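A.B. asks: With our numbering applied, the sequence shown closes on residue 76, and no number is skipped along the way.
Positions of the beta carbon are idealized from the N, C-alpha and C atoms, including for glycine.
Quick caveat, the model's predicted, so the values are computed rather than measured.
This is the structure I have questions about; it appears just below.
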Amino acid sequence: MEGVFPRSGRAIHRSRRSVIALSLASILVSVLLISQGNEFDDGNAPPTSIESGRALELVSEELPIVSTIA
Numbered sequence: 007m008e009g010v011f012p013r014s015g016r017a018i019h020r021s022r023r024s025v026i027a028l029s030l031a032s033i034l035v036s037v038l039l040i041s042q043g044n045e046f047d048d049g050n051a052p053p054t055s056i057e058s059g060r061a062l063e064l065v066s067e068e069l070p071i072v073s074t075i076a
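What follows is the structure in structure tokens.
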């Protein structure tokens, strides 16, 4: 009887190029989304009465957005 991990390891090794391509594609998508994630798109910020709203307000006060483009 063979375990799940050895079988899945062999399957991943057989299709390693596809696995690497999928991994790189997901990293690329993540980087693109992170680079756009500065503001809420619709301006709908969480209310300041909840913890995430207070945290967002504090971060905005402490770390203002400064343009680095000259």
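Only counting the same chain, and skipping five residues up and downstream in sequence, which positions put a Cβ closer than 8 Å to that of residue 51?
C.D. replies: So the qualifying residues of the chain are 59, 62.
A.B. asks: Just the Cα atoms here: how many angstroms apart are residue 70 and residue 19?
C.D. replies: If you take the alpha carbons of residue 70 and residue 19, they lie about 47 Å apart.
A.B. asks: Along the chain, where does the alpha helix (DSSP H) containing residue 51 start, and where does it finish?
C.D. replies: Taken as a continuous stretch (DSSP letters only), residue 51 belongs to no alpha helix (DSSP H), as it is neither H nor E.
A.B. asks: Where does residue 15 fall in DSSP's three states?
C.D. replies: Helix, per DSSP.
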